[in-house]
Structure formats: C-alpha cells, structure tokens
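> Below: one structure in structure tokens.
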Amino acid sequence: MRIRATVAAVSGALALSALAVPAAQADGPSYREEAAAKLAASHGASARSTFAAGDVIGDLDVSFSDLKIAKAVKVGTTNQVSTTVTYTITHGADVDIHAEDFATGPYIYKGAYEAPDNLLLGDYPATCTETSATTATCKGDIDVYPAYGELINSHAGSWKAGGLALNFATEEFADQGALGTTLVQRYSKLTVNASPEPVTKGRTITVTGKLSRANWETNQYHGYTNQPVKLQFRKKGSSTYTTLKTIKTNSTGNLKTTVTASTDGYYRYAFAGTTTTPAVNAAGDFVDVR
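Letter by letter, the sequence shown follows residues 5 to 294 of the working numbering.
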C-alpha cells in the first residue's frame, strides 16, 4: 500500500505525517508525497519569514494567478471530499510544463502562510493546457480524507489557497500563497418531526428536531449547541416556505417547539449556517389537519 503523506502542524512548525490511504490510491503517482515534502520544507522555515504570502518562493521560474476555488468545502466524518481548483501559470521559456519531471498543483492552508496550522493538497498533479509559449491554464483537485486525521475541529473556517510547481529532476520548485480563499466547513445535518399526525384543527403540534455537525476528532456527528434555527411552514400545494419562529438548539443540539394546527402542510427547520458549518434545511414533514 502506498503511504499517504499529509502536512500537519506540529509544535508551530510543519512536519510530514504518514497515513495509510485507501487501496484505490495504492498505485498512484508520488506527486502528493513530493509536494507535501517540499511544502513542509518551505513553509515555516525562518529563511522564508521575510517573504509575503503573495511572493513566489523558490528557484523555478513559475508564478501563479487567476486562481478560482469553491466558496466552501464541506467535509463530513469519513468520506473523501474533493474540490476542483483552476488557475493560470506563467513560466520561463526554459520551463517545459509537459516534461515528465514537471508537476504543478493547488493547495490550501489554514493560518499564516509562513507557519500554517494545517495544509492540504491533491493526490495528483493538475493538468495544464498551454495558452501561449509561456502561459497555461491548469485544473487540479484538493483531496481531503477526514477519516485519516487530516483535520481537527479548530481548523474549520477560513483557509487560503496557494499554488506549487515542481521539477523532480532538479528539485527546483515555485510556491506562492494568498491566491484565493475558501471555507473548510464541518458538514451539518438537520432533522424534523411534527406530531401528532393527523391532528385536529386548532390542536397543538409539537415540532422536534436536531442540528448536528461533523466532529473531525471523533469521526462522528454531535449536536451543534445554542444555534438559532428557523421553524418554517409550507402550505399543501405551495412551493414556498414561510418562517413561523426562530428558536435555539439546546446543549445537545436538540430543537423543540409548538404551533397550532391550522391547515395541511409541511414543517421544517432551517439553519442559516456559520463560517465553520454550512447552512442546511431539514426535509419537510407533512401534517394532515382534519
């Protein structure tokens, strides 16, 4: 089985952490290991402290621009998550981007560029298409494996994106940060149950539910406490939900409130999301009012 290398923060400096990967990755190229090693060496080193995040570090004549990444990367507890990044590279005439020894790819990092708390990249190098003799558009993935300990809960929130290029033969590289931003979020779930069903018009309906989110340290879902959640109603035959009230989750993420039965329709809870946790709506629960 090929060893999967990820970059993690250890005592304020970056180090490599070897983690076993799923069998599907066993015969893949060594790009991830090589890229992780180079990033571990270049980030956090005192020699780099004079560089700004937008500067190009390294001796390979490649720079990066026009990076585009999803606004948010939603990561659960076990499944691999991949997000595609596009960017442009500009390179010297002596850089052959089609050579077997050349590779480039995007990465994202949490915290300061010179000493990030965490850094994630892709399993494989990006693919690039020439647009001129010295420019190319590239597309690559960021691959996240929450089941293999790549994230801890405090890493949720805003991350920045960078670009890396390598020449494996000469060990030259180019590394540039602050090219874009994304949110790495703890995947959320929301349930609802309205009862009794059916119910007599004018009687009380009790609506319960739970808001939970991924815990990257236990690989389970736990309640998201003290969060405002809207109770919404959609009348039978309508396609629009209206908000009836807003309540907060309790210490275990549970929700409970009551409404008066008036007409047939669907009840749901709706959570607007935070920087660390994505928005989510529960599926509507139908109540027959008689």
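Glycine residues also receive a C-beta, built at the ideal position from the N, C-alpha and C atoms.
Taking the alpha-carbon positions, what's the residue 294 to residue 71 distance?
Each residue's alpha carbon lies about 57 Å from the other.
> Three-state secondary structure (DSSP) at residue 36?
Reduced to three states, the DSSP call for residue 36 is helix.
> Pull up the CB-CB distance for residue 67 and residue 137, whole angstroms please, since I reckon it's below 8 Å.
Wrong, their Cβ atoms sit about 15 Å apart, outside the cutoff.
> Just how far apart, CA to CA, sit residue 47 and residue 145?
Approximately 21 Å, taken between the alpha carbons.
> Only counting the same chain, and skipping five residues up and downstream in sequence, which positions put a Cβ closer than 7 Å to that of residue 279?
Closer than 7 Å at the Cβ level, and outside the excluded window around residue 279, lie 161, 162 and 187.
> Go to residue 110, then tell me how far its beta strand (DSSP E) extends in each direction, as first and last residue.
Here the beta strand (DSSP E) through residue 110 covers 106-115.
> Per DSSP, which one or two residues make a beta bridge with residue 282?
Bridge partners of residue 282: none, in fact.
> Within 10 Å of its beta-carbon, does residue 126 have 16 or more other beta-carbons around it, so buried, or fewer, so exposed?
Per the 10 Å Cβ criterion, buried.
> Give the DSSP-derived three-state secondary structure of residue 157 in the structure shown.
Residue 157 falls in the helix class under three-state DSSP.
> Identify the continuous beta strand (DSSP E) that holds residue 101 and give its terminal residues.
Counting along the chain, residue 101 falls outside any beta strand (DSSP E), and DSSP gives it neither H nor E.
> Starting from residue 376, follow its DSSP beta bridges and name the residues at the other end.
The structure shown does not extend to residue 376, since the chain is modelled only from 5 to 294, so the question has no answer here.
> Measure the alpha-carbon distance for residue 281 versus residue 158 and round it to whole angstroms.
C-alpha separation (whole angstroms): 12 Å.
> Taking buried to mean at least 16 other C-beta atoms within 10 Å of its own C-beta, is residue 97 buried or exposed?
Per the 10 Å Cβ criterion, exposed.
> Determine the contact status of residue 215 and residue 227, defining contact as a CB-CB distance below 9 Å.
Yes, they are a contact pair.
> Taking the beta carbon of residue 102 as the centre, do at least 16 other beta carbons fall within 10 Å, making it buried, or is it exposed?
By the neighbour-count rule (16 or more Cβ atoms within 10 Å), residue 102 is not buried but exposed.
> On the three-state DSSP scale, how would you describe residue 193?
Of the three classes helix, strand and coil, the one that applies to residue 193 here is strand, per DSSP.
> What residue does the beta strand (DSSP E) around residue 271 start on, and which one ends it?
That run of the beta strand (DSSP E) goes 269-275.
> Using a threshold of 9 Å, state whether the C-beta atoms of residue 183 and residue 108 are closer than that.
Not in contact: residue 183 and residue 108 (Cβ atoms no closer than 9 Å).
> What would DSSP say about residue 76, mapped onto helix, strand or coil?
It is a strand residue.
> Is it the case that the Cβ atoms of residue 272 and residue 289 are separated by a distance below 9 Å?
For residue 272 and residue 289, yes; Cβs fall inside 9 Å.
> Please name the residue in 245, 82 and 231 whose C-alpha comes closest to that of residue 256.
It is 231.
> Cβ of residue 205 within 8 Å of any heavy atom in the ligand SAM?
The ligand SAM is not part of the structure shown, which contains no ligands of any sort.
> Rounded to whole angstroms, what's the CA-CA distance from residue 202 to residue 263? Just pull it up for me.
So the two alpha carbons sit approximately 14 Å from each other.
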